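Read the structure below first, then the notes.
Number of protein chains: 2
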Amino acid sequence: MNSLLLVAHGSRREASNNEIRNLARTMQRNSGNRFGEIGCAFLELAEPSIPDGIRQCIERGATRVTVFPYFLAAGRHVTTDIPAEVDKISKQYPDTLITIATHLGASGAMSELILEQAGHQRGDEP
Amino acid sequence: MNSLLLVAHGSRREASNNEIRNLARTMQRNSGNRFGEIGCAFLELAEPSIPDGIRQCIERGATRVTVFPYFLAAGRHVTTDIPAEVDKISKQYPDTLITIATHLGASGAMSELILEQAGHQRGDEP
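Chains as they are written, first to last, in the working numbering: chain A, 125 to 250; chain B, 125 to 250.
Set out below in structure tokens:
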């Protein structure tokens, strides 16, 4: 089973963490056959941690886990901290392929998503 | 003319600020006839500020400016700080319609964007 783990920074504001949990649930509903299971994890300040999130995927049957950094910029969290967290757990599960996808902000589709969203809202104004 | 102003947090890391400037340029190229001009501004740590960015739009001919918060979570920056910055300048330009779009993280298209991006990358792996 291929699992996708959405990884966000985590916030002291629980409503922000719940936005991520809700997004993961929406993705699960919309996933079709692309991923067997979709979960989320947090770099800090919220649970589950990245190692715990990956471990949960594997315990539920994942043989492959794609970690998706839900971050806009390729700062230290994306380039260093998330790979270090993934590395910790990868060594414990050598038979599971754990990969890290390109972070959200690098998506080539971002430009169009923003133009669509902002354009519609503009159109809705009087 | 309708202008779109992409508003990011701003970073001490200039490469992150340049990611935003590049995104605004990409959006300008892809905009078609949806916006006359697309620029960017920063809440803190980088230039231009939000009031300066809006002022530049207006000086270049905007009669309507849509401010787009390039933020994932509806935290204090989105709910309070950006509206306060926009409010400062709105009073100086009563003839310009300045609106704030829903922040990026609330986009209904986000789920599909991530599934597409993560799914393709998964497919590229051996």
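All residues carry an ideal CB built from backbone N, CA and C; glycine is no exception.
None of the values given here were measured: they were computed from a predicted structure.
Backbone CA spacing between A208 (chain A) and I224 (chain A) [nearest angstrom]: Computed Cα separation, rounded: 11 Å.
Neighbour flag for P186 (chain A) against chain B, beta carbons, 8 Å: Residue 186 (chain A) is actually Ala in this sequence, not Pro. It does not; no Cβ of chain B falls within 8 Å.
Chain B within 8 Å of E138 (chain A), Cβ atoms only: Interface residue (Cβ-Cβ distance to chain B less than 8 Å): E138 (chain A) is not classified as such.
A242 (chain A) beta carbon less than 8 Å from that of L128 (chain B): The Cβ atoms of L128 (chain B) and A242 (chain A) sit closer than 8 Å to each other.
Listed by chain order, chain A residues near N142 (chain B) by CB distance under 9 Å: Per Cβ cutoff of 9 Å: no residues; N142 (chain B) is ~10 Å from chain A at best.
Min CB distance D176 (chain A) to chain B below 8 Å: Under the Cβ criterion of 8 Å, D176 (chain A) is not counted among the residues facing chain B.
Buried versus exposed, by CB contacts within 10 Å (16 or more), G156 (chain A): Answer is exposed; the Cβ neighbour count stays below 16.
E209 (chain B) in three-state terms, based on DSSP: In this structure, E209 (chain B) counts as helix in the three-state DSSP scheme.
Inter-residue spacing [alpha-carbon to alpha-carbon] between G247 (chain B) and P175 (chain A): Annotation note: pLDDT 46 at G247 (chain B) (below 50); position unreliable, no value reported.
Closer than 7 Å at the beta carbon, the chain A residues around R158 (chain B): Close to R158 (chain B), with beta-carbon spacing below 7 Å, are these residues of chain A in chain order: L239 and G243.
Span of the alpha helix (DSSP H), counted from its first residue to its last, around P175 (chain A): Where P175 (chain A) is concerned, the enclosing alpha helix (DSSP H) starts and stops at I174 to E183.
Spatially closest choice to T226 (chain B) from A:K215, A:L239 and A:I222, by CA coordinates: Residue A:L239 is the option with its Cα nearest to T226 (chain B).
Cα-Cα separation between E249 (chain A) and P218 (chain A), rounded to whole angstroms: Residue placement at E249 (chain A) is flagged as unreliable, the pLDDT there being 46, under the threshold of 50; the coordinate-derived value follows with that caveat. Per the coordinates, the alpha-carbon of E249 (chain A) lies some 54 Å from the alpha-carbon of P218 (chain A).
8 Å Cβ cutoff, E249 (chain A) in contact with chain B: Low per-residue confidence applies at E249 (chain A): pLDDT is 46, beneath 50, and the placement is therefore not dependable, though the value from the model is reported in the following sentence. In terms of beta-carbon proximity, E249 (chain A) lines the interface with chain B, with at least one pair separated by less than 8 Å.
Inter-residue CB distance, M125 (chain A) and G185 (chain A) (contact presumed, cutoff 8 Å): Confirmed, about 5 Å.
E161 (chain B) - DSSP class collapsed to helix/strand/coil: Of the three classes helix, strand and coil, the one that applies to E161 (chain B) here is strand, per DSSP.
Chain A contact for E236 (chain B) (CB, 8 Å cutoff): By this cut-off, E236 (chain B) is an interface position.
V189 (chain B) and T220 (chain B) closer than 8 Å at C-beta: Yes.
Closer than 7 Å at the beta carbon, the chain A residues around H163 (chain B): Note on identity: in this sequence residue 163 (chain B) is Gly, with His being the wrong assignment. The contacting residues do not exist; G163 (chain B) stays about 13 Å from chain A at best.
Alpha-carbon spacing of F159 (chain A) relative to G232 (chain A), whole angstroms: Computed Cα separation, rounded: 21 Å.
For V96 (chain B), the nearest candidate out of B:M234, B:P193 and B:D205 (CA to CA): One cannot answer for residue 96 (chain B) here, as it falls past the ends of chain B, which runs 125 to 250.
Cβ-based neighbour list, L237 (chain B), same chain, cut-off 7 Å, excluding 5 preceding and 5 following: There are no such residues.
Proximity of I178 (chain B) and I144 (chain B) at Cβ, strictly below 8 Å: Cβ distance not < 8 Å, so I178 (chain B) and I144 (chain B) don't count as in contact.
Span separating the alpha-carbon of N146 (chain B) from that of A139 (chain A): So the alpha carbons of these two residues sit roughly 31 Å apart.
Helix, strand or coil at T223 (chain B) [DSSP, three-state]: Correct three-state label for T223 (chain B): strand.
Within chain B, the residues that Y194 (chain A) reaches when beta carbons sit closer than 8 Å: Result: L196 and I238.
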